[in-house]
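From first to last, the protein sequence lines stand for chains Z and G.
Going by UniProt numbering, the first residue of the first sequence is number 1, and it counts up by one from there.
Going by UniProt numbering, the first residue of the second sequence is number 1, and it counts up by one from there.
We put the CB at the ideal spot given by N, CA and C, even for glycine.
Number of protein chains: 2
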Amino acid sequence: MSAVIFSLRSAPEGDRLMLPLVRRTRDPHLGVWALPGGWLDPDEDLDSAASRTLAETTALMPSYLEQLYTFGAVDRSPTRVVSIVYWALLRSDLVDAQRSSAGAPENVEWFDADDLPPLAFDHNHIADYALDRLRNKVGYSRIAAGLLPDEFTLTELREVYEAVLGRRLDPSNFRRLLEGTDELVPTERFRTGKHRPARLYRRNRDT
Amino acid sequence: MSAVIFSLRSAPEGDRLMLPLVRRTRDPHLGVWALPGGWLDPDEDLDSAASRTLAETTALMPSYLEQLYTFGAVDRSPTRVVSIVYWALLRSDLVDAQRSSAGAPENVEWFDADDLPPLAFDHNHIADYALDRLRNKVGYSRIAAGLLPDEFTLTELREVYEAVLGRRLDPSNFRRLLEGTDELVPTERFRTGKHRPARLYRRNRDT
DNA sequence: GCAAAAGTGTTTATGTTACACCCATGA
DNA sequence: TCATGGGTGTAACATAAACACTTTTGC
């Protein structure tokens with residue numbers, strides 16, 4: 001049971017898609033970076049086990065969690081293991097808050113999803129596969145809002161899409177696309193800043 | 001390790017999407033219909049194990065095979081089992097040929113995919129999920145050709161799509177859609193019948 | 001010639017992309 | 001009032017759906 005966990009972190013060139021890795025504390029691949037994982041409890045269903053695994057690494061609740069794939073190549077490891085992998089999105093504000101507080105777990109580090117170090121087992125392959133799935137899913141669903149706080153402006157959401165997809169989007173077309181769906185609801189609050197205040201939106205819980 | 005295997009069978013109202021079930025020979029759910037399955041060999045990768053499971057039930061090679069999902073709810077069975085499920089497409093001509101020969105396996109029976117009997121464990125749920133995936137995938141890929149022999153007319157292929165999707169498609173638009181892709185290649189052979197001969201096509205192996 | 005399926009062309013609707021332009025605010 | 005991001009409008013283009021029409025065969 002492993003998890004590929006995505007969140008956003010601010011960088012000089014804009015937000016970057018990042019994921020947490022843990023340093024292995026035992027053989028094989030001792031000391032090598034790997035996806036966070038754990039063992040499946042006999043009386044626990046798969047989604048719960050994925051949540052628990054994720055909580056043990058980040059101490060946070062995911063805003064999105066989905067099974068990715070089950071890997072089981074014989075050469076994955078000296079002792080062959082079937083690995084059920086989940087992927088998840090975390091609200092970036094919660095991750096940031098936790099990192100500045102005392103609760104940051106040991107030997108966990110965040111890496112740029114597009115620039116990972118060599119990982120244990122076939123975890124590079126798994127992480128790439130998860131990234132493909134995320135990018136694909138972002139193309140046809142509004143899932144990326146799960147990386148943002150409860151309320152956000154359309155520009156903030158667009159920047160998330162740009163960070164995930166790796167390309168610029170037209171602001172006006174992006175707005176129209178999302179206003180046409182019922183997955184986003186406008187609030188009466190505005191984000192005030194340097195320029196014209198921007199309306200805040202929130203995710204529609206009913207869909 | 002279980003498999004949801006789809007093929008087509010002729011019926012009075014046109015081709016129907018069917019899948020094979022096996023009668024359970026032991027408790028729990030003795031005598032109840034279930035998806036074909038088997039146990040994962042320790043030195044076998046998942047795709048191979050799925051192929052083997054499928055061969056044990058149908059004695060045939062699938063024209064398409066893909067992992068569906070891994071199920072593991074605690075209440076799936078008295079003794080909880082993690083079940084890695086694959087789904088597959090079989091060429092209908094091979095299935096028909098085998099059924100009329102001696103090779104038809106015992107206690108295997110084909111059922112209409114939209115009208116299944118009550119199944120053991122959560123297999124009804126799994127079969128429905130596989131059907132959703134098939135119908136969804138047919139919408140954006142040319143995968144359904146895997147249900148037909150090597151060579152087929154566009155009308156035959158359209159009827160496959162109609163059987164899978166459960167609705168009629170416009171013949172001329174269907175033709176244009178498929179001629180625009182490179183997943184189908186025209187041959188110089190024609191199917192002669194009551195009316196104007198129809199050109200035969202085959203799947204493009206290179207894509 | 002007629003019926004029926006094969007195959008072509010055209011029109012309409014719909015959605016996507018590009019981009020010009022106005023609006024509201026802080027400085 | 002100017003710079004800038006927020007927000008609206010619209011024309012161009014691509015894709016899909018609907019359907020009229022021509023072609024080729026068996027009988």
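Proximal chain Z residues relative to residue i, where beta-carbon distance stays under 9 Å
i         : result
Ala-130/G : The premise fails here: Ala-130/G is roughly 15 Å from chain Z at the closest Cβ pair, so nothing lies under 9 Å.
Minimum Cβ-Cβ distance from residue i to chain Z less than 8 Å
i        : result
Leu-46/G : yes
Arg-80/G : yes
Pro-42/G : yes
Test: residue i CB closer than 8 Å to a CB of chain G
i         : result
Thr-181/Z : no
Thr-53/Z  : no
Gln-98/Z  : no
Supposed close pair residue i, residue j - CB separation, criterion 8 Å
i             : j         : result
Val-85/Z      : Ser-2/Z   : 5 Å
residue 209/G : Leu-68/G  : Since the displayed chain G opens at 1 and closes at 207, residue 209/G lies outside it and no answer follows.
Ala-113/Z     : Leu-54/Z  : With 8 Å as the limit, Ala-113/Z and Leu-54/Z do not qualify as a contact, their Cβ atoms being about 16 Å apart.
Ser-92/G      : Leu-8/G   : 4 Å
Trp-87/Z      : Arg-133/Z : 7 Å
Arg-158/Z     : Pro-149/Z : Incorrect: roughly 15 Å between the Cβ atoms, too far for contact.
Leu-89/G      : Gly-146/G : 4 Å
Those residues which DSSP pairs with residue i across a bridge
i         : result
Leu-19/Z  : Phe-111/Z
Pro-186/G : Tyr-201/G
Leu-60/Z  : According to DSSP, which records beta bridges pairwise, Leu-60/Z is partnered with nothing at all.
Ala-34/Z  : Val-22/Z
Glu-66/G  : Trp-87/G
Glu-159/G : According to DSSP, which records beta bridges pairwise, Glu-159/G is partnered with nothing at all.
Leu-119/Z : Trp-33/Z
Ala-3/G   : Tyr-86/G
Arg-191/Z : Ala-198/Z
Arg-174/Z : Reading off the sequence shown, one finds Phe at residue 174/Z, where the question assumed Arg. BP columns for Phe-174/Z are empty, so no partner.
Leu-169/Z : BP columns for Leu-169/Z are empty, so no partner.
Residue i versus the options, residue with shortest Cα-Cα distance
i         : options                                    : result
Arg-205/G : Val-185/G, Arg-189/G, Phe-190/G, Arg-196/G : Val-185/G
Pro-62/G  : Tyr-201/G, Ala-50/G, Ala-73/G, Arg-16/G    : Ala-50/G
Asp-15/Z  : Ala-163/Z, Gly-38/Z, Asn-136/Z             : Ala-163/Z
Asp-182/G : Glu-156/G, Pro-149/G, Arg-142/G, Arg-191/G : Arg-142/G
Tyr-140/Z : Leu-116/Z, Phe-174/Z, Ala-120/Z            : Phe-174/Z
Ser-48/G  : Arg-80/Z, Pro-42/Z, Gly-72/Z               : Gly-72/Z
Glu-188/G : Leu-147/G, Thr-153/G, Gly-180/G, Pro-12/G  : Thr-153/G
Gln-98/G  : Thr-70/G, Thr-58/G, Ile-5/G                : Thr-58/G
Pro-28/G  : Arg-196/G, Leu-119/G, Leu-17/G             : Leu-119/G
Leu-60/G  : Asp-122/G, Phe-6/G, Arg-191/G              : Phe-6/G
Val-4/Z   : Arg-26/Z, Glu-44/Z, Asp-43/Z, Tyr-64/Z     : Tyr-64/Z
Val-74/Z  : Asp-45/G, Ser-101/G, Thr-155/G, Leu-40/G   : Asp-45/G
Glu-151/Z : Arg-202/Z, Glu-13/Z, Glu-66/Z              : Arg-202/Z
Interface residues of chain Z facing residue i [CB-CB closer than 8 Å]
i        : result
Ala-73/G : Asp-45, Leu-46
Contacts of residue i in chain G (Cβ-Cβ under 9 Å)
i        : result
Ile-84/Z : Thr-70, Gly-72, Val-82, Ile-84
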